[in-house]
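Which chain is which? The protein sequence lines are E and L, in order.
Here the first sequence is numbered in this note's numbering, starting from 38 and rising by one per residue.
Here the second sequence is numbered in this note's numbering, starting from 1149 and rising by one per residue.
Glycine included, every Cβ here is placed at the ideal spot set by N, Cα and C.
For clarity, every value in this text was computed on a predicted model and none was experimentally measured.
For reference, the structure discussed in these notes is given below.
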Amino acid sequence: MAVLLLVWVWLAAAVFVVACVARAWRYARAPVHLRWDLYPVAHEPAARRAYGGSYLEEREWWTRPRERSLAGEVSTMLSEALLLHGVWVNNRRLFWGSLPFHWGLYLLVATSAGLLVVALGGWVDWLLPVLAVSGGIGGAFVTAGALWLLRARSTDRGLRRYTTMADRLNLLTFAALGATSAAVALTADGMPSAAAAVTALLRFTAPVVGPLLAAQMLLAGLILFYLPFTRMVHFFAKYFLYHDVRWDDRPMVAGSAMERGVKESLAYGVGWSAEHIGRGSWVDVATAPPPTIPGKKP
Amino acid sequence: MIPETPAFRSQDDVLRFLDDHQGLDVDALLPLPYPYHDWRDAPIGSLTADQQARYERGPDGVSALRIPKPASEDERTEAVARFLDGLRKLLTRENNWTFLQPLMLSLENCVQCHSCSDACPIFTSTGEAEVYRPSFRPEVLRRIIDRHLKPAGGLFPRLRGQDVALDWDTLARLAELAYRCTLCRRCAQVCPMGVDNALLTREIRKLFSQELGIHMPELHESGTLKQLATGSSTGLNPAGLQDIIEFAEEDIREKTGLSIRIPFDVEGAEYLVMHNAGEFLSWPENLQAFVIILSVAGVSWTMSTELLGYDSVNYGLFYDDVQYARIALKHHQVARKLGVKKMLVGECGHAHKALMPIADRLIPRDLYVPAESALVLLEDLVVNERLMLDPSRNDFPVTLHDPCNVTRSMGIVQPQREVLKRIAPRFREMEPHGVHNFCCGGGSGFAVNSSLNFPDWRTRVSGRIKFRQILEAFGDAPGPDVRKYVCAPCSNCKGQIRDLLRYYDAWDRSGLLYGGLVELVVNAMVDVQEGFLEWELH
Chain E
38 MAVLLLVWVW
48 LAAAVFVVAC
58 VARAWRYARA
68 PVHLRWDLYP
78 VAHEPAARRA
88 YGGSYLEERE
98 WWTRPRERSL
108 AGEVSTMLSE
118 ALLLHGVWVN
128 NRRLFWGSLP
138 FHWGLYLLVA
148 TSAGLLVVAL
158 GGWVDWLLPV
168 LAVSGGIGGA
178 FVTAGALWLL
188 RARSTDRGLR
198 RYTTMADRLN
208 LLTFAALGAT
218 SAAVALTADG
228 MPSAAAAVTA
238 LLRFTAPVVG
248 PLLAAQMLLA
258 GLILFYLPFT
268 RMVHFFAKYF
278 LYHDVRWDDR
288 PMVAGSAMER
298 GVKESLAYGV
308 GWSAEHIGRG
318 SWVDVATAPP
328 PTIPGKKP
Chain L
1149 MIPETPAFRS
1159 QDDVLRFLDD
1169 HQGLDVDALL
1179 PLPYPYHDWR
1189 DAPIGSLTAD
1199 QQARYERGPD
1209 GVSALRIPKP
1219 ASEDERTEAV
1229 ARFLDGLRKL
1239 LTRENNWTFL
1249 QPLMLSLENC
1259 VQCHSCSDAC
1269 PIFTSTGEAE
1279 VYRPSFRPEV
1289 LRRIIDRHLK
1299 PAGGLFPRLR
1309 GQDVALDWDT
1319 LARLAELAYR
1329 CTLCRRCAQV
1339 CPMGVDNALL
1349 TREIRKLFSQ
1359 ELGIHMPELH
1369 ESGTLKQLAT
1379 GSSTGLNPAG
1389 LQDIIEFAEE
1399 DIREKTGLSI
1409 RIPFDVEGAE
1419 YLVMHNAGEF
1429 LSWPENLQAF
1439 VIILSVAGVS
1449 WTMSTELLGY
1459 DSVNYGLFYD
1469 DVQYARIALK
1479 HHQVARKLGV
1489 KKMLVGECGH
1499 AHKALMPIAD
1509 RLIPRDLYVP
1519 AESALVLLED
1529 LVVNERLMLD
1539 PSRNDFPVTL
1549 HDPCNVTRSM
1559 GIVQPQREVL
1569 KRIAPRFREM
1579 EPHGVHNFCC
1589 GGGSGFAVNS
1599 SLNFPDWRTR
1609 VSGRIKFRQI
1619 LEAFGDAPGP
1629 DVRKYVCAPC
1639 SNCKGQIRDL
1649 LRYYDAWDRS
1659 GLLYGGLVEL
1669 VVNAMVDVQE
1679 GFLEWELH
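Dropping the structure here:
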């Protein structure tokens, strides 16, 4: 069992990292796309951001230096990540489940990071009790949030139709992870055992753990295995959705990497089959004589 | 709106539900305020038996596309195979570099929280009819991809919620449903993830157009194809344009006392002015107002007689990247050939987006001519007093409709307001407005579709919330005794508002007139005889 746990956790962590990096890489290396910005854009200066304005409100905008507000972008991102601002404003009924769920996960991740620090030999005396508190609260929040969301997805007529059995199992798994995490944190020798287990894992030796901690580690591993293949990767995908699409208002500049990328894309062959498309590269089809109107002589 | 039944549980049930029902219940539509408290809508017309035999319908009984019914089972099967081919192409960089990244991100990261639902004017106007939920169409697409394109897609279908049958009926309904969204992007604006259901809807439209040749005829055959062949989606050729211009010069002289010659093909001018040619035919006063303003202010400008140079329309924006690229390139070639410094985009929302942000990442810089919004230039002329204005000439209630493409998709919000503040003393906002506005209901090409029962749907359903907003903005003077002006600086929006006011009998019931911004500016110009706005021509 102990050896299985060792393999399980390391394999899960490896799959998680590789799959997340692969997915992020797939998003990042996608070709430069046509602009699809959406206002308000967070890095516009504060005065404009307040009403959703853009630099296109200026005459000869292409000749003027562009002001970008890093503070606007950072504050928007933080209020989204930490306070779920968008959910608060636009979906209050889910907010009350979503906020504890996310805060709980943040606390559990922080607790795991703390256990790594302890395993590496740091601040054991005072850190373990702190981790017991963060793990306990985090676990309780995750469980409460997951059950709240499960209830909402089962009782709301609209949400129910879009909630698959896999979604329900996922929330139940998180609820179980939260419950076992809280239970481990709240038992007397829970956190020292957890720290010892992390130390063993780091040394590639089989961790000796009780049934509760073993269940917690199995559940955590399970989630790490499947999470990168689900829509829950929004914890990093959201970065691309906002920065590469919604807030991407960069105009193309002559000779820039962006222009080179667009020119490369224009050389791709067009494989669409509808009659009006034609054959050749994007440049070829865009510059070809116009297709005829059905029923009219060319 | 659409009744909930025990059998109405899966996405597939929703897609097929109305086969046995009578369509939308207009009594459940969003109620309207006084003087429409007693308004009764006529039902949305059903297709005739002959039409039903010939054309596919959406799950709401409406037909926007007039998709011919396949003649045989083989045709149905072949269409499904082609759809799957197209779906694969949609997910490749070669065929869809234009939107691959936004497509992947929005396809793969929706958590189905339904924050978008309450933001959708169509979903809310219908009392939450499921087929109009902003996430419904994308979810059908997602489930088809999950089942048919992903490795091991057939495993555990119930666990993964794969409840959509892939057959011709599903595809026909999905194609129709892609034209029940105006692409206004309010849903994307409120999504905490940044997922854009409007983009996904446009991708569905693209797939049907670029692979199966299924599109709204008004956008394709009577739109982009006609524009590429004749120079304009209106069918207006350069000779016809000459007649229009002569008429405009004469009309300006009669109405204003100003003798102005409209400049054409002036090489090296500062601005090439790009109008939606629909204005020339439906709202010639808009063209005339531009001519007056630019001439009186002493702006260096020209129009073009080159094919496509006199029509800024680019309906490709709504449904087809290839058609979009063809027209955008032509527009830039015309401007380049004339050697103008920049293009000025007239009062047309989608032309703004097509010529400015979207073309920005498509046209290499050696072929590119930058473009500026007419709203921005107007603000400059008005604020810097390059026009002599008497706002008391516009002493009637005015409200502003924000075109989605100009505000939400481009962030041009304040210039039009700065102008109105100075020319319309009784200006008031709609709520919400600016980047949070509601679509007119005619967006993404809907305004030009007047076939079968689609106009019924467009006036009762997609335009409902906008009409309510207009009435609420004039809540202090609701009756016909006070004439009021709905300022809509966009040709497509004007087309939709015209149809709304007509359907709701709004001149007689509420004294509502609509028009653009430049007409209101000219109406206030002291250089011009009074009475440029022609209320009697409502």
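Item                                                                                                                                                                              : Value
Leaving aside the five residues before and after L:Ala1323 along the sequence, list all residues of the same chain whose C-beta is less than 7 Å from its C-beta, in chain order. : Leu1213, Ile1215, Phe1356, Ile1362
Less than 8 Å between the C-beta atoms of L:Phe1284 and L:Val1210, yes or no?                                                                                                     : no
Distance cutoff 8 Å, beta carbons only. Does E:Val69 sit that close to anything in chain L?                                                                                       : yes
My output table needs one value for L:Arg1576: the three-state DSSP class, helix, strand or coil.                                                                                 : strand
Among L:Val1554, L:Glu1620, L:Pro1539, whose alpha-carbon lies nearest the alpha-carbon of L:Lys1569?                                                                             : L:Pro1539
Beta-carbon within less than 7 Å of E:Lys334's beta-carbon, same chain only, minus the 5 sequence neighbours each way: which residues are those?                                  : Per-residue confidence for E:Lys334 stands at a pLDDT of 46, beneath the threshold of 50, marking its modelled position as unreliable; the derived number appears in the next sentence. For E:Lys334, where only same-chain residues beyond five positions count, there are no Cβ hits under 7 Å.
Using a threshold of 8 Å, state whether the C-beta atoms of E:Gly176 and E:Ala222 are closer than that.                                                                           : yes
Note down the Cα distance separating E:Val54 from E:Arg188, rounded to an integer number of angstroms.                                                                            : 31 Å
L:Lys1237 versus chain E: which residues are under 7 Å apart at the beta carbon?                                                                                                  : Gly308, Trp309
Does any CB atom of chain L fall closer than 8 Å to the CB of E:Thr201?                                                                                                           : yes
Taking E:Ser318 as part of the beta strand (DSSP E), name the residues at either end of that continuous run.                                                                      : Per DSSP, E:Ser318 belongs to no beta strand (DSSP E) and is neither H nor E.
Beta-carbon of E:Asp281 versus every beta-carbon of chain L: anything under 8 Å?                                                                                                  : yes
Is the beta carbon of L:Val1470 closer than 8 Å to that of E:Ile314?                                                                                                              : yes
Are the beta-carbon atoms of L:Leu1465 and E:Trp73 separated by less than 8 Å?                                                                                                    : no
Where do the ends of the alpha helix (DSSP H) carrying L:Tyr1184 lie?                                                                                                             : Taken as a continuous stretch (DSSP letters only), L:Tyr1184 belongs to no alpha helix (DSSP H), as it is neither H nor E.
Compute the beta-carbon to beta-carbon distance between L:Pro1545 and L:Pro1183, rounded to the nearest angstrom, for a pair I have assumed lies under 8 Å.                       : Actually they do not touch by this definition, with Cβ atoms about 15 Å apart.
Looking at L:Thr1382: is its Cβ nearer than 8 Å to the Cβ of L:Asp1413?                                                                                                           : no
Out of E:Pro229, E:Ala252, E:Ala51, which one is the CA nearest neighbour of E:Asp162?                                                                                            : E:Pro229
Kindly indicate which three-state DSSP category E:Phe138 falls into: helix, strand or coil?                                                                                       : helix
Assign L:Ala1155 to one of three DSSP states: helix, strand, or coil.                                                                                                             : Because the pLDDT of L:Ala1155 is 49, which lies under 50, any placement of that residue in the model is unreliable, and the number read from its coordinates should be weighed accordingly. Coil, per DSSP.
Using CA atoms only, rank isn't needed, just tell me which of E:Pro166, E:Val124, E:Val46 is closest to E:Phe138.                                                                 : E:Val124
List the residues that DSSP assigns as beta-bridge partners of L:Cys1635.                                                                                                         : L:Leu1548, L:Gly1663
Does any CB atom of chain E fall closer than 8 Å to the CB of L:Asn1257?                                                                                                          : yes
Check the C-beta distance from L:Val1687 over to L:Val1312 and give it rounded, since I have them as a contact under 8 Å.                                                         : Outside the displayed span of chain L (1149 to 1686) sits residue 1687 of chain L, for which this structure offers no information.
Spatial neighbours of L:Arg1353 within its chain, please: C-beta separation below 6 Å, excluding the five flanking residues on both sides.                                        : Ala1326, Tyr1467
Over the uninterrupted alpha helix (DSSP H) stretch that includes E:Val126, give me the two end residues.                                                                         : 122-127
Which residues in the same chain have their Cβ closer than 6 Å to the Cβ of L:Thr1378, if we skip the five residues on either side of it in sequence?                             : Asn1385
State buried or exposed for L:Ala1672, treating a residue as buried only when at least 16 other CB atoms are found within 10 Å of its CB.                                         : buried
Using a cut-off of 7 Å between C-beta atoms, extract the partners of L:Thr1246 located in chain E.                                                                                : His70, Leu71
Of all the CB atoms in chain L, is at least one closer than 8 Å to the CB of E:Gly123?                                                                                            : yes
Since L:Gln1644 contacts L:Gly1590 with CB under 8 Å, what's their CB separation in whole angstroms?                                                                              : 3 Å
Which bits of chain L does E:Val78 rub up against, with CB to CB less than 9 Å?                                                                                                   : Gly1559
Are the CB atoms of L:Pro1603 and L:Asp1647 nearer to each other than 8 Å?                                                                                                        : yes
Which residues bound the alpha helix (DSSP H) around L:Val1482?                                                                                                                   : 1469-1486
Have a look at L:Leu1660, L:Arg1616, L:Val1634, L:Leu1668 and flag the residue whose alpha-carbon is nearest the alpha-carbon of L:His1185.                                       : L:Arg1616
So, does the region 306-325 of chain E touch the region 1518-1536 of chain L, judging by three or more C-beta pairs under 8 Å?                                                    : no
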